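Shown next, in structure tokens, is the structure this report addresses.
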Amino acid sequence: MFLKRHQINDPMNMLKYFRAIQYPPLLLPLIQAALWIKDIQHVDCGMNAGYDRIWNDVGDLKYLVGKQWPIQTMKLHLRFLDGWASASQRNGNPRALDGVKWVKCVTELLDAVLAQGCLTLEVDGGHSLNRLYVEKETSGMTETADVQSFPTRGQVVRKRLTAFLKQTSAWIFCQPNKTLPDLRPSAAPSGPYLNDVTFSHSMMFQDCFYPWTLQMFAKNSATITHLSFQVTSLPAETFSHFLFSITLPRLGHLKITAHSNQNHLTITRTVKFSEFLAFFERHSSIETLDLQGVERPEAPPILETCLLPQLKQIVAHPVWISTLITPSKSCPDAFPFIESIGITTEYPTFMDPFEEEHVYELINDALWAITRASFPRTITLELQLKTKRGMLDWLDKHSSLGKENSIISSLWCVSTLVLTTRFYVCFGREEIHHLPSWLALFPALKIVNIPDLRQEKDGYRLFDDSPLLRKISVKCPTLEKVESALASIDLSTLLDPAERPHLNVN
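Residue numbers (my numbering): -17 to 488.
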């Protein structure tokens, strides 16, 4: 009845997958007591706010994962605690949090998860809790200073339930200094197991967590293949030290996002460009690379050798594209596996006025670098446009240059184009008017994926604009489909065969 009351309608599904976001206080103790739940392989848990619940939830979760084998996926969401910490500060006189105890509890939980054969580890949020930390000498006094004189109803119920469960399932509620039984099968390898690491926001890179983070990467360096971290307000010294300190021989997928949204400005871009290059030199196994908001030089350097010969997909600022994609003299055919190239601009908040004015010129430079490279197959080109300033002039200039002079007309390697924008970058009628002529510049384009562009004032939708789609079909004889997230239009159905120009792409 308790599970059904809290919309957990299929408890047997917990045999494999346990997901709890903003769950009631008694859920974890109840799950611990359910002796039939011994085969949870995926844990997706959002920690709840509150000075008392923090310690109970972390401890309960630790012992829950301790009786499972293997824990393949662990996703620990702490973002609710960030909102709670900020609200506590705004309300004035917040109770202090024992930072030493918090770090110990979290790292012991993560150690327990890794010991249970975890393959995928994700920690999201928690970066605001350090605002509430108190020195260890005063933490005990501060923690108890505001304790209520009378227990709440939830505390009473929890105490009674815990006492009952201790009598019926005493081995589950072992003391912190005792170890849980080893549930690993005798044939299980000793580890390490970890493949995929995602740290969103900067808690795991804060001074109090950073030693554990480095140690974790050192222990699992031989098995980690995927690394993704999103950081806000990360000191450049810490980021530089991290890039210098870790070496992951099997790293194939790397994503670095140096800001969470356009309202957070970080100093991560002060990390030297050369430090990224040194990291790439040690990790030539990288196949997919996504760089957002990281430092770049004013002008792309000329590399003597190809740093990432295994590269399949890349999304980065145009300067990074120009740097990594431009073929070196020693390796003219350096990218035998490339499939997709994404060019992304910065958010306007992160641009200085000069860069915002010339950002589309940087995109032209990146397109030029792509035309100079030699790829064994056609690729997907993605353009992530985050600023409208200069967009219309850019579209108009290329359309005016025509197929004879525009650099776009040399992109024979591009068969699929993906055009993405942000919610604040609205295509006006003028930009939409230039689309057919601009798309016609791509000499071998077969598929284009664009937003379903809308004009709220008059209810205009691009995918309802049959005359425009017919015009695109006429001007782009190689183009087969126009797609968006919600629609797909086969252009061959819009015209009779005689209406489309004769194809001559040789």
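Using N, Cα and C, we set each Cβ at its ideal position, and we do this for glycine too. This one's a predicted model, so the numbers in the text were calculated from it and none came from an experiment.
May I ask which residues mark the beginning and end of the beta strand (DSSP E) holding Cys27? Along the sequence shown, read from residue 1 onward, the residue named residue 27 stands at position 45. His24 to Gly28 is the extent of the beta strand (DSSP E) around Cys27.
Quick check: what's the CA-CA separation for Asn30 versus Met56? As a first step, residue 30 must be located in the sequence shown, where it is residue number 48. As a first step, residue 56 must be located in the sequence shown, where it is residue number 74. Straight-line Cα distance between these residues: approximately 16 Å.
Under a Cβ-count criterion, where at least 16 other Cβ atoms within 10 Å of its own Cβ denotes burial, should Leu468 be classed as buried or exposed? Within the sequence shown, residue 468 is the residue found at index 486, counting from 1. Exposed: under 16 other Cβ atoms inside 10 Å.
Does any heavy atom of the ligand GTP sit closer than 6 Å to the C-beta of Asn38? In terms of ligand content, the structure shown is empty, and the ligand GTP therefore cannot be addressed.
Checking the sheet assignment: what are the DSSP bridge partners for Lys57? Within the sequence shown, numbered from 1, the residue matching residue 57 stands at position 75. In the DSSP output, where bridge partners are listed per residue, Lys57 has Asp26 and Glu104.
Taking only runs that begin and end inside the stretch 315 to 395, name each unbroken alpha helix (DSSP H) of 4 or more residues, in chain order. 335 to 354 and 373 to 387
Less than 7 Å between the beta carbons of Leu196 and Ser222, yes or no? For the purposes of this step, residue 196 is taken as residue 214 along the sequence shown, with counting starting at 1. For the purposes of this step, residue 222 is taken as residue 240 along the sequence shown, with counting starting at 1. For Leu196 and Ser222, no; Cβs fall outside 7 Å.
Drop a sphere of 10 angstroms on the beta-carbon of Gly410, count the other beta-carbons inside from all chains shown, and report buried for 16 or more, exposed for fewer. Start at 1 with the first residue of the sequence shown, and residue 410 comes out as number 428. By the 10 Å Cβ count, Gly410 comes out exposed.
Residue burial classification, Asp39 (beta-carbon count within 10 angstroms, cutoff 16): Residue numbering aside, residue 39 sits at position 57 when the sequence shown is read from its first letter. Buried.
Apart from the five residues on each side of it in sequence, which residues of its chain come closer than 7 Å, Cβ to Cβ, to Ala422? If you number the sequence shown from 1, residue 422 lands on position 440. These residues qualify, in order along the chain: Lys457 and Cys458.
Label Gln212 either buried or exposed according to how many other C-beta atoms from any shown protein chain fall within 10 Å of its C-beta, with 16 as the threshold for buried. The residue given as residue 212 occupies position 230 in the sequence shown. So Gln212 ends up on the buried side.
Continuous beta strand (DSSP E) stretch holding Ile429: start and end: Position 447 of the sequence shown, counted from the start, is the residue given in the question as residue 429. Ile429 -> beta strand (DSSP E) spans Ile429 to Asn431.
Below 8 Å on the Cβ atoms is my contact criterion, and I expect Val396 with Ala426 to pass it. Report the Cβ-Cβ distance as a whole number of Å. The residue you call residue 396 lines up with position 414 of the sequence shown. The residue you call residue 426 lines up with position 444 of the sequence shown. Yes, they are in contact, since the Cβ atoms of Val396 and Ala426 sit about 7 Å apart, within 8 Å.
With three or more beta-carbon pairs closer than 8 Å as the criterion, would you say the stretch 382 to 393 touches the stretch 443 to 456? no
DSSP has Lys237 in a bridge; who is on the other side? The residue given as residue 237 occupies position 255 in the sequence shown. Answer is Ser210 and Asp272.
Would you mind sorting Asn387 into buried or exposed? The rule is 16 or more other CB atoms within 10 Å of its CB. Along the sequence shown, read from residue 1 onward, the residue named residue 387 stands at position 405. So Asn387 ends up on the exposed side.
Report yes if the C-beta distance between Met185 and His299 is below 7 Å; otherwise report no. Sequence index remark: in the sequence shown, residue 185 carries index 203 (1-based). Sequence index remark: in the sequence shown, residue 299 carries index 317 (1-based). No, Cβ-Cβ distance for Met185 and His299 is not below 7 Å.
Kindly indicate the opening and closing residues of the beta strand (DSSP E) around Gln295. If you number the sequence shown from 1, residue 295 lands on position 313. First-last of the beta strand (DSSP E) with Gln295: Gln295 to Ala298.
Strictly by DSSP, which residues pair up with Val464? Position 482 of the sequence shown holds residue 464. Paired residues: Val430 and Ile471.
Can you tell me where the beta strand (DSSP E) holding Asp178 begins and where it ends? As a first step, residue 178 must be located in the sequence shown, where it is residue number 196. Per DSSP, Asp178 belongs to the beta strand (DSSP E) from Asp178 to Ser182.
Separation of Pro282 from Ala127, as counted between CA atoms: By one-based count along the sequence shown, residue 127 stands at place 145. By one-based count along the sequence shown, residue 282 stands at place 300. For Ala127, the pLDDT reaches just 35, beneath the cut-off of 50, and the residue's location in the model is therefore unreliable, although a value from the coordinates is still provided. Using only the alpha carbons, I get a separation of about 57 Å.
Between Pro279 and Phe258, is the Cβ-Cβ spacing less than 7 Å? Along the sequence shown, read from residue 1 onward, the residue named residue 279 stands at position 297. Along the sequence shown, read from residue 1 onward, the residue named residue 258 stands at position 276. Result no, Cβ atoms of Pro279 and Phe258 do not sit closer than 7 Å.
Using CA atoms only, rank isn't needed, just tell me which of Cys190, Gly234 and Pro217 is closest to Asp178. Numbered from its first residue, the sequence shown carries residue 178 at position 196. It is Gly234.
So, with DSSP's three-state summary, where would you put Tyr175? Position 193 of the sequence shown, counted from the first residue, corresponds to residue 175. Of the three classes helix, strand and coil, the one that applies to Tyr175 here is coil, per DSSP.
Excluding the 5 residues preceding and the 5 following Lys44 in the sequence, name in chain order all residues of the same chain whose CB lies nearer than 7 Å to its CB. The sequence position of residue 44 within the sequence shown is 62, counting from 1. Cβ within range, chain order: Glu90, Leu91 and Ala94.
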